[in-house]
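Protein chains in written order, with our numbering: chain W, 3 to 259; chain D, -9 to 236; chain A, 161 to 471. The structure under discussion appears below in the form of structure tokens.
Here it is, written out as structure tokens:
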């Protein structure tokens, strides 16, 4: 699959990284949050970003989706430059789906309406098609029977699964997950993680910010550890968990595990 | 009908309580006219004020500083000046500025006193509605807003489909209060000779010298209308209730 | 934002009021917090308000109205600005020897607020009475006067209230403005009653229970414990109702009371109803009310903030 990038550059091909982050710096006023982050995510990879709070992980993936701007550096999503002031945000959001930590769903619409809204109103797709796709997605996230429930009637885990289905309805190429299980109680965390695992195994490119080490070890292709706005260490799960090199990484892992 | 008429005629003969509009066809028609104009006035100003509030609340979140300060200035101006003087200003000052047409010998403006009353009252209540809607909008969690943005909604689209529906539910009680106030304030249209109920009642008691009776009727009329509005808002609030939310 | 407040444990105030500290690394932070305090004192707590801009709007309206009118003035006639200067005293306090015009609006608002508050507090307390008929009756009265249009109430009082009261040994004349005062005090009474009731029921029931367990009578509880706490909560809405009342007083011009709107119309008449003067005079009316009410409204917001912090 190849795409023409928005600034008329070379077309993107699938042997290039799907998401390419180069030397990104970001500050909130005087507070420097990202201090030169670089990483490449290939198509089909599942990446986990872990680290202490305040290390910039959430900010990073929000920057990938243009929810925050960056002061310096470049972020390329399928050849589309996110840091470009002339960026067509709609084009970006067609490629990138995002699931948040809390209060994702629109409380005044049922689950199925939540899933169907954006493709109909934003992408202007045909309602019948969208409904069929939405029902398949509901099945995929194992929430059959709950299509007509309102978010207020669903548990936290069920809501997050609807949120995942909703982002999938836009047929993105990359999915971003920002600590999606952090606000859930332990029993419901599992059902969400299983859903994400299914997605990753089907070949969806995923970038997760998470504290779930077990999930990272089992599902991720690559793990990045951030601290104070830089990537301290990264590697495959095997090298990362068993053979961490940097003392900060080791300290963090010893606290978590 | 004849029974009612007969009863009230007797009442007048025996006690002097003159509810003339209930047994005289002419006065009855006048009262119906007045009631109809009142209801039209109330409904029109209500709707207009809601539209003004909707637009104003959206504009208050605009990126342009001029727009934001403009709206803030509009709100402060309309909240801190007398509504009656506002109506007079709209009718006499702005009324002079609009073009006129020949209505058979004299010049008639394109907007009549009814129209100016609706516009003035709409902006007056709209100022309060803007603040009410604004506080509702601010009650919508930031993450819901971001979720809409992440799905590709533009600012306007997310406002219309996601944020405003939620904000509206939060501010229904305050809106209720404001709309009841608006209903009461519509009587000020009397001052620019809009032929609504108050004005008609005045005409009737000038002809029939039955001030107290007309007053009693007026009270019933307006308090009754308020009751209808409150009931309607209550029903609306119930129908907007989202299971499991708030 | 770090204002250095957390550092107070490590600092000592020196005699001249500046903050001394024994930790050299904190000096920049201390300096920063001192600057911040100076700025706050200079600017006040007007973070949210755009005071200068609002005044700007008012001035803009006046200038636009005045300028367009000025431009349209034919030769030999008095210009709008001069007309305003000429008539302003008349509109503001009426002819010599009486206190009418805008001053009368304010007088009506003061008295109506006074009567309305006293009656409203009484009515509000009746709404929380233990006796059912008192509760029901006062609730009815409150709802009735709350939901009636002010103009209708005014009409009722002005047309049906006697124009003088004959007490046998003395006859008290009741001028129009006094009837207006009574007419306005009725809805104010009803709304204050709701404010009082709302304030009382907003106090946690624990207050009543602990007073009861200390063997206070209901009346003692009310006057010594509940109401003093309610006063704070009632002040901002009370001020708000005063502003609403002050801005409702022009309605009395419909009934012929000699106040600001009546005199503005008379002044325009005296100047021959020239169309250039109309915007300026009405803008002037709007402005005097704005200038009177806006500071009061801002003050009530300040009070609200002050009270909110303490609780």
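Ideal Cβ placement from N, Cα and C applies to all residues, glycine included. Keep in mind the model is a prediction, meaning the values are calculated, not measured.
Secondary structure of residue i, DSSP reduced to three states
i	result
residue 71/W	coil
residue 216/D	helix
residue 152/W	coil
residue 224/D	helix
residue 122/D	helix
residue 15/W	coil
residue 68/D	helix
residue 65/W	helix
residue 27/W	strand
residue 175/A	Residue placement at residue 175/A is poorly supported in this model, since its pLDDT is 38, which falls under 50; the coordinates are not used for a value here.
residue 3/D	helix
residue 180/W	strand
residue 17/D	helix
residue 99/D	strand
residue 206/A	Summary for residue 206/A: the model assigns pLDDT 28, below 50, so the residue's position carries little reliability, and this model does not support an answer.
residue 83/D	helix
residue 43/W	strand
residue 265/A	helix
residue 58/W	coil
residue 293/A	helix
residue 125/W	coil
residue 231/D	coil
residue 338/A	helix
Strand pairing of residue i, partner residues [DSSP]
i	result
residue 78/W	22/W, 83/W
residue 390/A	Answer is none; residue 390/A lacks a bridge partner.
residue 131/W	Answer by DSSP bridge pairing: none, since residue 131/W is not bridged.
residue 333/A	324/A
residue 37/W	27/W
residue 50/W	210/W, 225/W
residue 90/D	99/D
Rounded straight-line distance, which links the Cα of residue j to that of residue i
i	j	result
residue 38/D	residue 108/D	8 Å
residue 223/A	residue 220/D	42 Å
residue 342/A	residue 159/D	38 Å
residue 60/W	residue 121/W	26 Å
residue 361/A	residue 448/A	38 Å
residue 120/D	residue 281/A	31 Å
residue 62/W	residue 231/W	9 Å
residue 337/A	residue 398/A	23 Å
residue 357/A	residue 162/D	22 Å
residue 144/D	residue 160/W	27 Å
residue 371/A	residue 353/A	24 Å
residue 261/A	residue 226/D	44 Å
residue 383/A	residue 391/A	11 Å
residue 164/W	residue 113/W	6 Å
residue 220/W	residue 65/W	27 Å
residue 129/W	residue 48/D	28 Å
residue 18/D	residue 10/D	8 Å
residue 131/W	residue 115/W	14 Å
residue 167/D	residue 52/D	27 Å
residue 182/W	residue 56/D	39 Å
residue 116/D	residue 40/D	6 Å
residue 328/A	residue 224/D	52 Å
residue 350/A	residue 211/D	19 Å
residue 84/W	residue 454/A	47 Å
residue 228/W	residue 53/W	5 Å
Boundaries (first-last residue) of the alpha helix (DSSP H) holding residue i
i	result
residue 111/W	Careful: residue 111/W lies outside any alpha helix (DSSP H) and carries neither H nor E.
residue 195/D	187 to 198
residue 260/A	That residue, residue 260/A, is in no alpha helix (DSSP H); it is neither H nor E in DSSP.
residue 241/A	240 to 253
residue 166/W	158 to 170
residue 75/D	73 to 78
Range of the contiguous beta strand (DSSP E) that encloses residue i
i	result
residue 101/W	98 to 101
**Report entry** Sequence ranges, alpha helix (DSSP H) only - wholly within the segment 196 to 251 of chain W, length at least 4
**Finding:** 215 to 221
Requested in this report: Could I get the ranges of all uninterrupted alpha helix (DSSP H) runs contained in the segment 347 to 430 of chain A, with 4 residues as the minimum, in chain order?
Outcome: 365 to 373, 387 to 408, 420 to 430
Requested in this report: Any chance you could list the alpha helix (DSSP H) runs of at least 4 consecutive residues sitting entirely within the segment 117 to 174 of chain D, in chain order?
Outcome: 132 to 140, 145 to 148, 154 to 160
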